[in-house]
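Undergrad:
There are 2 protein chains.
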Amino acid sequence: MSLHLRPGQALKLWHDSVLDLVHLDESGLTVRQLSILLTVYLELPPHTVRGVAQKLKVTKPVITRALDSLGRLELVARRRDPADKRNVLIQRTVKGALFVEKLGDFMVSRAQTLPS
Amino acid sequence: MSLHLRPGQALKLWHDSVLDLVHLDESGLTVRQLSILLTVYLELPPHTVRGVAQKLKVTKPVITRALDSLGRLELVARRRDPADKRNVLIQRTVKGALFVEKLGDFMVSRAQTLPS
DNA sequence: CTCGATTGTTACGCAACCGATATAGTGCAG
DNA sequence: CTGCACTATATCGGTTGCGTAACAATCGAG
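From first to last, the protein sequence lines stand for chains C and V. To convert, note that position 102 of the first sequence is 102 in this note's numbering; the numbers rise steadily by one, no gaps. In this note's numbering, each number is its position in the second sequence, counted from 1, plus 1000.
1) Is the distance from the Cβ of Val1076(V) to the Cβ of Thr1093(V) below 8 angstroms?
2) Contact check, His47(C) vs Leu1038(V) under 8 angstroms by CB: the rounded distance?
3) I need the straight-line Cα distance from Asp1068(V) to Ile1090(V), nearest angstrom please.
4) Tell me which residue opens and which closes the alpha helix (DSSP H) that Val1108(V) is part of.
5) If you drop the 5 nearest sequence neighbours on each side, which residues of the same chain put their C-beta closer than 7 angstroms to that of Leu180(C)?
6) Got a sec, what are the start and stop residues for the alpha helix (DSSP H) Arg86(C) sits in?
7) Spell out the partners DSSP gives Ile1090(V) in its beta bridges.
8) From the DSSP output, in three-state form, read off Thr59(C) for me.
9) Give the range of the alpha helix (DSSP H) segment to which Gly8(C) is assigned.
10) Gln9(C) touches chain V at which residues, Cβ-Cβ below 8 angstroms?
11) Please name the residue, chosen from Leu1021(V), Ser1116(V), Val1100(V), Pro1082(V), that lies closest to Lys12(C) on a Cα-to-Cα basis.
12) Using a cut-off of 9 angstroms between C-beta atoms, extract the partners of Val100(C) located in chain V.
13) Per the DSSP calculation, Thr48(C) is bridged to which residue(s)?
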C-alpha cells in the first residue's frame, strides 16, 4: 500500500512538523544534522562516518563535526569498532531516541489535521 | 478526511524527504530558515518580520538575518509596506516557488514508496 | 507638532559551520 | 616487518549564525 499525498498536503505537513521542531528549540540543528540523526535512528546499524558521509553525499569531516555537535547534545554517541579499530560506530542514545520519537509524534499528529 | 500515518511511516517519510533536500545541496539551510521559507510560501500573505517572528517564537533579528540569507539565495524578497512604512513585506520569488514546489514533489514521491 | 510606541535593522562578541588539507592510527598484502 | 591503503580526526582561514542591546525610521494619539 502506497501512501497517497497531494503536493499541497505534503508541504503543509512538512511545514507544520518543522514548525513544531523549531518550537522545540532543540533546533540549532542544521538540515544536515537532522538528516544524520534520522539516518542513524531509522536505518539498520552499524553506522560509520564513512557510510553516513556516502549516504548524504558529503565529506567525512562534515560528519565528524556534526557528530561533535550531536554528541554535545547527547543525541548520539560514538564508539570505536572493536573489530576494525579504524572505524567509529555511531550509536543511539536514550535522549536521541526520545527526541526522534517526539518528531514522529508531531508528524502523526499534524497529519491528522490535514485538510482533504 | 484526516490522513492516517503511523510513527514509523512518518519518520521514514521525513527522513527520505530531508535526505532529498540535503542532496539538493541548496542545503546550507538551517531548520529555522526552512521553516521561514515554508511559512512564507504556504500561509496567506502579507508576511511581516514581526509576524513571522511570533509564529516561530524567535526574536526579530533572527528573522532579519534569515531573510538576508534567503534573499542572497533569491528564495524570498523584501519590500517596504507602502501603507505603513515601518513594515517590511516578505515576498515570494520565482526561484523560491520552484524550490518549494520541488520539495513538495520529493515528499509526494517518497510517500508513494512507503511500506504499509 | 511633539513625543512615546512600534517596526525592522545594525553592531558587538562569541560560537559553530564550512571546504580543503594535513595528520595519526589501524589493517592488510606481500 | 614494511609499505600502502583506508579510517577518522585535527587544523586552517573564512563565513555565518546566535543573543543582547542599541539604533533609525515611521506612525499616531493628544
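C-beta: ideal position from N, C-alpha, C; glycine also.
TA: If we stick to the structure as given:
1) Your numbering for residue 1076(V) matches position 76 in the second sequence. Your numbering for residue 1093(V) matches position 93 in the second sequence. In contact: Val1076(V) and Thr1093(V) (Cβ atoms closer than 8 angstroms).
2) Numbered from 1 along the first sequence, position 47 holds the residue referred to as residue 47(C). Numbered from 1 along the second sequence, position 38 holds the residue referred to as residue 1038(V). Incorrect: roughly 29 angstroms between the Cβ atoms, too far for contact.
3) Here residue 1068(V) corresponds to residue number 68 of the second sequence, with the count starting at 1. Here residue 1090(V) corresponds to residue number 90 of the second sequence, with the count starting at 1. If I take the Cα positions, the gap works out to 11 angstroms.
4) In the second sequence, residue 1108(V) corresponds to position 108, counting from 1. 1094 to 1112 is the extent of the alpha helix (DSSP H) around Val1108(V).
5) Nothing can be reported for residue 180(C): it is not among the residues displayed for chain C, which extend from 1 to 116.
6) The residue you call residue 86(C) lines up with position 86 of the first sequence. No alpha helix (DSSP H) holds Arg86(C); DSSP gives it neither H nor E.
7) Taking the first residue of the second sequence as position 1, residue 1090(V) is located at position 90. Answer is Arg1078(V), bridged to Ile1090(V).
8) For the purposes of this step, residue 59(C) is taken as the residue at position 59 of the first sequence. Coil at Thr59(C), not helix or strand.
9) The sequence position of residue 8(C) within the first sequence is 8, counting from 1. It spans 7 to 24 - the alpha helix (DSSP H) in which Gly8(C) sits, taken as one unbroken run.
10) Residue 9(C) sits at position 9 when you count from the first residue of the first sequence. What Gln9(C) touches in chain V: Leu1003.
11) For the purposes of this step, residue 12(C) is identified with residue 12 of the first sequence, where counting begins at 1. Minimum Cα distance to Lys12(C) is reached at Val1100(V).
12) Start at 1 with the first residue of the first sequence, and residue 100(C) comes out as number 100. Those are Leu1011, listed as they occur along chain V.
13) The residue you call residue 48(C) lines up with position 48 of the first sequence. Paired residue(s): Leu89(C).
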